[in-house]
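Before any comments, here is the structure.
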Amino acid sequence: MKFFSIFTLVVLQAFTYGFARFLIWLFAVHSPKKRKAVYAATFLFGNGLMIAALMFRIHLMFRLSAAWMVLLLFALFTSLIVLFLEHVCRLIFKQPEKRERALRLLAPVILCGFFALAVYNAYTPIVRHAEITIDKPMAKPVRIGMAADTHLGVLVGARQLDKLADIMQQEKVDVILLPGDIMDDDTVAYLAENMQPHLQKLRAPLGVYATLGNHDYRETNSITQAIQVAGITVLDDEAVWVDDNFWVVGRPDNLEHNRLKTRDLLQKVNTQQPVFLLDHRPDEVTEHSELPIDVQVSGHVHNGQVFPANFIVRYLNRIAYGYGKINQTHFFVTSGFGFWGVPFRLGSQSEVWVIDVKGRE
């Protein structure tokens, strides 16, 4: 952990230095004195944000720090594209002055393009479909609508909830599963913006079931109550027999140190019947593949949210995103409907999964 912290700090300083170089080039800063001022201002601002976020631990500072890191990253991507375009511009502009002017005009457009795409990906959900056959008989097929990590709060609210409800209705899902991070740490914005009527629009013939994620644990009681008042069943180490057809089993996040082991939780159900598990984090897929679980739905890792974090979460998790099957268990890990920290997604997109499940004949 200490090595990772030091490594992260070094990388941030390198990115900050690169951003300062980018600004010096973009604004054609030639004076040595002014260049030093740009370096000093960039390092002071960036590191000041990080220190403030760690010291005060308030949402705004974390969001500003996250936005700063995204800016550094997008500036790096922009610089790489500009370096490539420089070779193209050599064929068009023979005079170096015109070439530099053209690149300096293009660079802000490219940078803004990254931010525009990232915001679009964060707020424009797509629907992913899957069809699976489990190794147990079912009375009839079922269509699951699954969305995790809504992170309801200041940046995700009524409009996004209405989109989610519309998607579930249009897809004609039978049951809705919400595996964690329903709220963004508290219910302040949820209550202030009167989101309850919009969350209540999430309806399915066989019910709506949720579990809590790590961002639901700052105010567990108030968040649980808010979700339940909206007509959603919160499963806390509990199981429900649905439609005489399948079990829905829900685990709390592993921040709940007293939660049952999955093997013990399954003692509450008849595992000869179909079992669908909600588990916020996909970090026990190997263990769960050895248990009589037919379908597990998870979220948490956001598919990295912003490239290249995709590669980090894939390294840390056996199934970090999408669909995977281990033994007889089908795993679905979503990138999430909302987002954490800042409204940016690059290399990932807001999404809903629609899963058609049928039993073996």
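Those letters in the sequence shown? Residues 8 to 368, by this note's numbering. Each residue gets a CB set at the ideal place from its N, CA and C atoms; glycine is no exception.
| Check | Outcome |
| --- | --- |
| One or two residues paired with Pro186 in a DSSP bridge | Thr218 |
| Pick from Ile333, Thr293, Gly366 and Asn310 that is closest to Ala129, judged by C-alpha positions | Asn310 |
| Collapsed DSSP secondary structure at Ser72 in the structure displayed | helix |
| Per DSSP, the bridge partner or partners of Asp363 | Glu138 and Arg150 |
| Exposure label - Asp173; buried when at least 16 CB within 10 Å | exposed |
| Span of the beta strand (DSSP E), counted from its first residue to its last, around Ala291 | Looking at the sequence provided, one finds Glu at residue 291 rather than Ala. Element bounds for Glu291: n/a, residue is neither H nor E. |
| Expected contact under 8 angstroms - CB spacing of Leu298 and Leu273 to nearest Å | 6 angstroms |
| Cα-Cα separation between Val161 and Trp347, rounded to whole angstroms | 11 angstroms |
| Backbone secondary structure at Val126 - three-state DSSP | helix |
| Unbroken beta strand (DSSP E) run spanning Ile333, endpoints | Gly329 to Ile333 |
| Pairwise C-alpha distance: Val364 and Tyr216 | 17 angstroms |
| DSSP bridge partner residues for Leu162 (one or two, in chain order) | Its beta-bridge partners do not exist; DSSP assigns none. |
| Test item: CB-CB of Ala133 and Gln356 under 7 angstroms | Before going on, a small fix: residue 133 reads as Ile here, not Ala. A contact, by the Cβ cut-off of 7 angstroms. |
| Cα-Cα separation, Gly329 to Pro144 | 25 angstroms |
| Residues that Val304 bridges to, as DSSP identifies them | Leu285 and Phe339 |
| 7 angstroms CB neighbourhood of Val77 in its chain, flanking five on each side removed | Val313, Val349 and Phe351 |
| Separation of His337 from Arg135, as counted between CA atoms | 15 angstroms |
| Limits of the beta strand (DSSP E) - the one that Phe50 falls within | Looking at the DSSP string, Phe50 is not in any beta strand (DSSP E); the run it does join, the alpha helix (DSSP H), is Pro39 to Phe63. |
| Counted within 10 angstroms of its Cβ, other Cβ atoms place Gly366 as buried (16 or more) or exposed | buried |
| Cut-off 6 angstroms between Cβ atoms - residues of its own chain near Val340, not counting five sequence neighbours on either side | Pro289, Ser305, Ile326 and Tyr328 |
| Beta-carbon proximity of Ala246 to Val276, cut-off 7 angstroms | yes |
| Bridge-paired residues (DSSP) for Leu33 | According to DSSP, Leu33 bridges with nothing at all. |
| The stretch 152–159 / the stretch 173–192 touching (three or more Cβ pairs under 8 angstroms) | yes |
| Three-pair Cβ contact test at 8 angstroms for the stretch 162–172 versus the stretch 202–211 | yes |
| The stretch 220–240 / the stretch 188–199 touching (three or more Cβ pairs under 8 angstroms) | yes |
| Distance, Arg150 Cα to Asn265 Cα | 32 angstroms |
| Met57 beta carbon less than 7 angstroms from that of Ser38 | no |
| Segment limits, beta strand (DSSP E) that includes Phe318 | Note, Phe318: premise wrong, no beta strand (DSSP E); alpha helix (DSSP H) at Ala316 to Leu323. |
| Backbone CA spacing between Val241 and Val256 [nearest angstrom] | 10 angstroms |
| Element boundaries [alpha helix (DSSP H), containing Ala196] | Val195 to Ala199 |
| For Ile239, the three-state DSSP class (helix, strand or coil) | coil |
| Limits of the unbroken beta strand (DSSP E) element including Phe253 | Phe253 to Gly257 |
| Buried versus exposed call for Leu353 [16 or more other C-beta atoms within 10 Å across all chains shown] | buried |
| Same chain only: Cβ atoms within 7 angstroms of Arg270, ignoring 5 sequence neighbours per side | Leu298 |
| Residue burial classification, Gln167 (beta-carbon count within 10 angstroms, cutoff 16) | buried |
| C-alpha distance - Gly238 paired with Lys147, whole-angstrom precision | 25 angstroms |
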